[in-house]
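Notes to accompany the following structure.
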DNA sequence: CAGATTTCTTGTCATAAGACAAGTACACAT
DNA sequence: ATGTGTACTTGTCTTATGACAAGAAATCTG
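Protein chains in written order, with my numbering: chain Y, 344 to 543; chain Z, 344 to 543.
Written as structure tokens, this is what we have:
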């Protein structure tokens, strides 16, 4: 029974994590090392993965569920800064890599299954696996592009289009997240978003 | 005379570049190597440093002048995505690191003095200097934060406040860039921005 | 199941910003 | 210096969205 459980864990772990860390400069053995550095963690709906004022000590890869990060604006209202869906890396790079307290909260919107890796373990791999920094650079690059695009979208696309873009690209969010969180993410009030929905 | 010119170049080069690459894991000799990999390049007002459809082969550090990057939105209008002022790294990470054609244009708004480094030279240093990837990670982290903040600002701050924030944080831009470019950067029309200016 | 709490919808009114157009000021080139 | 174009301002009107408030619907909890 122990064996069977172990086997199951490994398979899921592998299927989820391998494609994420795949990189031409990372070989099989190294990939294995990286994957093995992750531990399974479950979060329940409402749990905080990271809280304002604390310093991140790990990041995680989301197997299933939905997570959002939010910060407070100048009025003290909470503003959704990002949503994370299955297969994504959930990380507060600023806090984790600069070792400073975060200004953001990261919270599970549904029950979640995650694979977590500690900063210290990550650092060891980052320094010992030659291709790992390049993998990380690529990942950062993609994320940077994402936020740049997002700024352009908020600045130029009409609200309805922004909603439709999100609906097309991440329908899980529209389905699972409460309207008010989607509204702050899109930069509109919840009543406006409700009216926009009605039109569709 | 040749010596004197060489000396001058080195001093300026060093004073500009050293603080940018300073990092606890990079020693004196390595720092020297990195700095020496840069070459001085001048651009004139209006010159393109990178053009839509081309793939970036270098990045540069701006000694003096003002640069903007812009993309086209769904209507074909050009939208300022970023401004770069003296002391900043001017780079299209997506194109440079993923080796793909860029969707952005990078253009000098004034005459500029820059220190340029080729991708190939950068790669050699990135792989041979142990602390360099960590320096890069920190830099990326800061940039990521910048774009995230920008998205929140556009989504939540009223236009006038956004203008005032920019004025406070990068007054050179307000002074030197044409109003229409500032307007697209802030996500307003140029006539609205003109009226906002009048109020102040 | 009942009450409480949260989420979402809808109404009315106010307001900021956009669209469009005309005019002025300034810069650049011949 | 004269003309051409670009940059900026200003006016009028329209429209999208916000603010506020009330009510309906759904969800949670004892």
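A virtual CB, placed ideally from N, CA and C, is assigned to each residue, including glycine.
- Message: I'd like to check one pair, residue 451/Y with residue 387/Y: are the Cβ atoms closer than 8 Å?
- Response: Your numbering for residue 387/Y matches position 44 in the first chain. Your numbering for residue 451/Y matches position 108 in the first chain. In this structure, residue 451/Y lies closer than 8 Å to residue 387/Y by Cβ.
- Item | Nearest-angstrom Cα separation, counted from residue 456/Z out to residue 374/Z | Within the second chain, residue 374/Z is the residue found at index 31, counting from 1. Within the second chain, residue 456/Z is the residue found at index 113, counting from 1. Approximately 21 Å, taken between the alpha carbons.
- Task: Flag residue 452/Y as yes if its beta-carbon sits less than 8 Å from any beta-carbon of chain Z, otherwise no.
- Result: Within the first chain, numbered from 1, the residue matching residue 452/Y stands at position 109. Not one chain Z Cβ lies under 8 Å of residue 452/Y.
- Task: Could you tell me whether the region 529-536 of chain Y touches the region 500-510 of chain Y, where touching means 3 or more Cβ pairs closer than 8 Å?
- Result: yes
- First and last residue of the beta strand (DSSP E) that includes residue 421/Y? Counting from one through the first chain, the residue named residue 421/Y turns up at place 78. Here the beta strand (DSSP E) through residue 421/Y covers 421-427.
- Are residue 442/Y and residue 398/Y touching if we call contact CB-CB under 8 Å? Taking the first chain and counting its residues from 1, the one referred to as residue 442/Y is at position 99. Taking the first chain and counting its residues from 1, the one referred to as residue 398/Y is at position 55. In this structure, residue 398/Y lies closer than 8 Å to residue 442/Y by Cβ.
- Item | C-beta neighbour in chain Y for residue 357/Z, strict 8 Å | Taking the second chain and counting its residues from 1, the one referred to as residue 357/Z is at position 14. Chain Y, which has no Cβ nearer than 8 Å to the Cβ of residue 357/Z, makes this no.
- Could you tell me if residue 493/Y is buried or exposed, where buried requires 16 or more neighbouring beta carbons within 10 angstroms of its beta carbon? If you number the first chain from 1, residue 493/Y lands on position 150. Buried.
- Message: Nearest by alpha-carbon distance to residue 356/Y: which of 460/Y, 448/Y, 516/Y and 523/Y is it?
- Response: Counting from one through the first chain, the residue named residue 356/Y turns up at place 13. Of the candidates 460/Y, 448/Y, 516/Y and 523/Y, the one whose C-alpha sits nearest the C-alpha of residue 356/Y is 460/Y.
- residue 346/Z - DSSP class collapsed to helix/strand/coil: As a working mapping, residue 346/Z is identified with position 3 in the second chain. Low confidence applies to residue 346/Z: its pLDDT is 47, below 50, so where it sits in the model is not reliable, and the reading given next is rough at best. Helix.
- Query: Would the beta-carbon of residue 495/Y fall within 8 Å of that of residue 414/Z?
  - Reply: Taking the first chain and counting its residues from 1, the one referred to as residue 495/Y is at position 152. Taking the second chain and counting its residues from 1, the one referred to as residue 414/Z is at position 71. Cβ atoms of residue 495/Y and residue 414/Z: closer than 8 Å.
- Message: Comparing C-alpha positions only, which one of 521/Y, 361/Y, 477/Y and 420/Y sits nearest to residue 500/Z?
- Response: Counted from its first residue, the second chain places residue 500/Z at position 157. Of the listed residues, the one whose Cα sits closest to residue 500/Z is 420/Y.
- By how many angstroms is the C-alpha of residue 519/Y removed from the C-alpha of residue 462/Y? Translated into the one-based positions of the first chain, residue 462/Y becomes position 119. Translated into the one-based positions of the first chain, residue 519/Y becomes position 176. C-alpha separation (whole angstroms): 30 Å.
- Query: Do residue 479/Y and residue 544/Z come within 8 Å of each other at the CB atom, strictly closer than that value?
  - Reply: Nothing about residue 544/Z can be read from this structure; chain Z reaches only from 344 to 543.
- Task: Answer yes or no: does any C-beta atom of chain Y fall closer than 8 Å to that of residue 540/Z?
- Result: Locating residue 540/Z in the second chain gives position 197, where the first residue counts as 1. Taking CB atoms only, residue 540/Z has no neighbour in chain Y less than 8 Å away.
- Item | One or two residues paired with residue 531/Z in a DSSP bridge | Counted from its first residue, the second chain places residue 531/Z at position 188. Answer is none; residue 531/Z lacks a bridge partner.
- Task: Drop a sphere of 10 angstroms on the beta-carbon of residue 587/Y, count the other beta-carbons inside from all chains shown, and report buried for 16 or more, exposed for fewer.
- Result: Shown here, chain Y extends from 344 to 543; a query on residue 587/Y therefore has no answer.
- the ligand ATP heavy atom lying under 7 Å from the CB of residue 487/Z: This structure does not include the ligand ATP; it has no bound ligands of any sort.
- Item | Presumed contact (8 Å Cβ cut-off) between residue 454/Z and residue 485/Z, rounded CB distance | Taking the second chain and counting its residues from 1, one reaches residue 454/Z at position 111. Taking the second chain and counting its residues from 1, one reaches residue 485/Z at position 142. That pair is no contact at about 27 Å.
- Would a check of beta-carbon distances place residue 511/Y closer than 8 Å to chain Z? Walking along the first chain from the start, residue 511/Y turns up at place 168. Chain Z contact via Cβ: absent.
- Alpha carbon to alpha carbon, what distance is there between residue 410/Y and residue 428/Y? One-based indexing of the first chain puts residue 428/Y at position 85. One-based indexing of the first chain puts residue 410/Y at position 67. Computed Cα separation, rounded: 7 Å.
- Determine the chain Z residues that contact residue 521/Y at a beta-carbon separation under 8 Å, and present them in chain order. Taking the first residue of the first chain as 1, we reach residue 521/Y at position 178. In chain order: nothing, as chain Z lies at least about 17 Å away.
- Contact set between residue 494/Y and chain Z, taken where Cβ atoms lie within less than 8 Å: The count along the first chain starts at 1 and reaches residue 494/Y at position 151. Within chain Z, the C-beta atoms nearer than 8 Å to that of residue 494/Y come from 424, 490, 493, 494 and 497, in chain order.
- Classify residue 388/Z as helix, strand or coil using the three-state DSSP reduction. Working through the second chain from its first residue, we reach residue 388/Z at position 45. Coil.
- Message: Which residue wins for smallest C-alpha separation from residue 403/Y, given the options 474/Y, 512/Y and 364/Y?
- Response: The residue you call residue 403/Y lines up with position 60 of the first chain. Here the closest residue by C-alpha is 364/Y.
- Message: Can you confirm whether residue 347/Z, when its beta carbon is compared against all beta carbons of chain Y, has any partner nearer than 8 Å?
- Response: Taking the first residue of the second chain as 1, we reach residue 347/Z at position 4. Annotation note: pLDDT 48 at residue 347/Z (below 50); position unreliable, coordinate value reported separately. No, residue 347/Z lies away from the interface with chain Y (no Cβ there is under 8 Å from its Cβ).
- Under the three-state DSSP convention, the category residue 394/Z falls into: Reading the second chain from its first residue, position 51 is the one you call residue 394/Z. In the structure shown, residue 394/Z sits in coil (DSSP, three-state: anything other than H, G, I, E or B).
- Ordered along the chain, which non-local residues of its own chain (more than five positions away) have a Cβ less than 6 Å from that of residue 562/Y? Because residue 562/Y is not part of the residues shown, which for chain Y are 344 to 543, the question remains open.
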